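Everything on this sheet refers to the single structure shown next.
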Amino acid sequence: MNAPHPPVLDYPFPTPPAPGETLQVAPGVHWLRMPLPFALDHINLWLLAEPDGWTLVDCGIGSAATRDLWDLHLAHTLRGRPLKRIIVTHYHPDHLGNAQWLSQRFDVPVLMTQSEFLTAHAVIDQRSSYALADTCALFAAHGMPVDQVDAMRVRGNQYKRGVPEIPTVFARMIDGDVVTAAGMQWRVECGYGHSPEHAWLYASEGCVAISGDMLLPRISTNVSVWPAEPDGDPLGRFLTSLAAFAALPPATLVLPSHGLPFRGIALRVAQLHAHHAARLIELEQALLLAAAPDSASAMIPVL
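Numbered per this note's numbering, the sequence shown spans residues -5 to 297.
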């Protein structure tokens, strides 16, 4: 029988590490925080200790501010031991942005799922169905105002700004793989909806999960439809993917990409299901009350 949900999430590490510093959150697992130039102003990265070096999970956005902090960590935090490999949970710039830069610096592999690697290249190269023009066309077709579409065009390829260099080769991870790091065996799990094949890690020995963007403590993961799959069901895939988290032990320490490490994994999964169910009901009611079928853009204020 499953243990009852705790009434609230537990945050065992309420204060994040300062820029350039780290905090050990489990044996051999160290928490770094890097800045982001968005409303969501940070990303958490994870260093896993090895006998002769480190495994890094996610890299931060490819900005000067982040690379300055990386220079500080490379000089002090790594304690003279090199990076041995880099794991990237998914292709978004705050996770992949410095992967090639660090990989070349240490001559080490970048581990990713194949879908994330290929999508990164498709977006940065602006291939058909992944180009900014395709995104603008999709959003315009669903009612985005012309001035907002024009503003997107003017901003250009934002992805390339966050990923100045991109790995040209990678080491493939698939669901069920096992990675040894920090003295533990980490099982690779794949989730869907936020990105094509998002990898996250679970170590049963330490009861620790590195959840990436698939499970966050305070905000709901971004789930969007994109031009390459205009009739997809990313929300359905995301909610289905949460089942793997709900099956983990109640004591699991979740290390998310944004926010604070937390315990209460089943509660958080239940909260996300309830949140999306409520929003879908609100959307359905708004559509029923509309005098005529509305565009997706017109429904955004409802959500």
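Note that the Cβ used here is the ideal one computed from N, Cα and C, for glycine as well. On a predicted model such as this, the values are computed, not experimentally measured, just so you know.
Alpha-carbon to alpha-carbon, residue j and residue i
| i | j | result |
| --- | --- | --- |
| A43 | V263 | 29 Å |
| L297 | A285 | 18 Å |
| P11 | G137 | 42 Å |
| M223 | A193 | It is Glu, not Met, that sits at residue 223 in the sequence shown. Distance between the alpha carbons of E223 and A193 is about 20 Å. |
| A135 | E110 | 26 Å |
| S143 | R99 | One detail in the question is off: residue 143 reads as Val in this sequence, not Ser. The straight-line gap from Cα to Cα measures roughly 39 Å. |
| L254 | D88 | 17 Å |
| G47 | A131 | 47 Å |
| V157 | R257 | 32 Å |
| D288 | F133 | 14 Å |
| N(-4) | V23 | Its pLDDT being 46, under 50, N(-4) is placed unreliably by the model, and nothing is read from it. |
| A123 | A245 | For the record, residue 123 in the displayed sequence is Ser; it is not Ala. If you take the alpha carbons of S123 and A245, they lie about 42 Å apart. |
| W180 | V2 | 27 Å |
| T71 | L274 | 45 Å |
| A127 | P221 | 10 Å |
Where residue i sits in the DSSP three-state scheme
| i | result |
| --- | --- |
| C130 | helix |
| P298 | The question about residue 298 has no answer here: the residues shown for the chain are numbered -5 through 297. |
| R310 | Only positions -5 to 297 of the chain appear in this structure, which leaves residue 310 out of reach. |
| I294 | helix |
| D65 | helix |
| M178 | strand |
| P76 | coil |
| L3 | coil |
Close beta carbons around residue i, own chain, < 6 Å, minus the five adjacent residues each side
| i | result |
| --- | --- |
| A292 | G137 |
| A93 | C53, I80, V82, V104 and P161 |
| V202 | A20 and L247 |
| R231 | Y186 and G187 |
| A238 | E183 |
Option nearest residue i by Cα separation, candidates the options
| i | options | result |
| --- | --- | --- |
| D4 | L283, D288, V248 and S289 | V248 |
| Y186 | D207, I118, C201 and V202 | D207 |
| D227 | A238, E199, S189 and I213 | S189 |
| L112 | G74, I55, L96 and F164 | F164 |
| E191 | L209, D169 and A175 | D169 |
| L261 | V140, L209, W220 and W95 | L209 |
| V219 | D141, N151, A290 and R73 | A290 |
| R166 | L30, T215, Q108 and R121 | Q108 |
| T49 | H115, N151, H84 and V173 | V173 |
| C184 | T234, M146 and S97 | T234 |
| A271 | S214, L282 and L242 | S214 |
| A59 | E199, H36 and M146 | H36 |
| R73 | P31, L236 and E15 | E15 |
Cβ-based neighbour list, residue i, same chain, cut-off 7 Å, excluding 5 preceding and 5 following
| i | result |
| --- | --- |
| I204 | W40, V51, W194, L195 and L249 |
| V217 | G187, H188, P228, L229 and F232 |
| A280 | M293 and V296 |
| I118 | Y153, K154, V157 and I160 |
| Q120 | L126 and N151 |
Check: residue i C-beta below 6 Å from any heavy atom of the ligand GDP
| i | result |
| --- | --- |
| S291 | This structure lacks the ligand GDP, and indeed carries no ligand of any kind. |
Other residues of its chain near residue i: CB distance less than 8 Å, five sequence neighbours each side excluded
| i | result |
| --- | --- |
| H269 | S214 |
Jot down the residue ranges of each uninterrupted beta strand (DSSP E) in the region 27 to 55, minimum 3 residues, whole runs only, in chain order. 36 to 44 and 47 to 51
At 3 residues or longer, what runs of the beta strand (DSSP E) sit wholly inside the region 184 to 265? 192 to 197, 202 to 206 and 247 to 250
With a floor of 3 residues, list each beta strand (DSSP E) that falls wholly inside the region 82 to 143, ordered by position along the chain. 104 to 107
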